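The sequence shown stops at residue 194 when you use my numbering, and every number in between is there. From the three backbone atoms N, C-alpha and C, an ideal C-beta is built for every residue, glycine too. Note that the structure is a prediction, hence the values are computed from the model and not measured.
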Amino acid sequence: MIATEVTEGEFKGWKTWPEEPFEYEAAGPFYLRTDEKGPVAAFRAERKHMNAGGVMHGGCLMTFADFSLFAIAHQGMEGVYGVTVAFNSEFLDGAIEGELIEARGEVLRQGRSITFVRGIITADGRPVLNFSGTIKFRKPKT
């Protein structure tokens, strides 16, 4: 999957995957780039991401973590389609509206058909979710 560069707004210069309708339109949009520390994914917490208690809904954090698996592993996946086949997470704290939500991590192992990734999501630098997952490469959709 080829990422599209963002041309305006807070995330100008970042990339996103607009052909992913759930992650881009419904839950996100979420963004990715590589900086001096490596791959990073991010978005700004909005009211639509919150639960009735005023903190980010756990499903939103897990959706962003799933996006982040691919953002962290994307350099080894250009032009390849993949699916998440395993996912684990632990909630550490709550994120609130207005905070910058970021994910960083590492590829633990990348093979020909499967990749193992782990990472951590922060809210304004405060850890809120620890995650790991496995991506299985698939033949491109036709």
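N- and C-terminal bounds of the beta strand (DSSP E) containing residue i
i	result
F116	From DSSP, F116 is part of no beta strand (DSSP E) but of the alpha helix (DSSP H) over 110-125.
I187	178-190
R195	Residue 195 lies beyond the range of the chain shown here (53 to 194); nothing can be said about it.
A138	133-143
T86	83-87
Coil, strand or helix - residue i by DSSP
i	result
P73	helix
R99	helix
A175	strand
A79	helix
A93	strand
V159	strand
Between the CA atoms of residue j and residue i - distance to the nearest angstrom
i	j	result
F185	G134	Per the sequence shown, residue 185 should be read as Gly rather than Phe. Whole-angstrom Cα-Cα distance: 12 Å.
G105	W69	30 Å
V107	V92	22 Å
M114	G65	25 Å
V132	G171	21 Å
T174	A155	6 Å
Within-9 Å CB hit, residue i to chain B
i	result
F139	No chain B is part of this structure, which consists of one protein chain only.
Original post:
Is the segment 157-167 close to the segment 67-84, with three or more CB pairs under 8 Å?
Top reply: no
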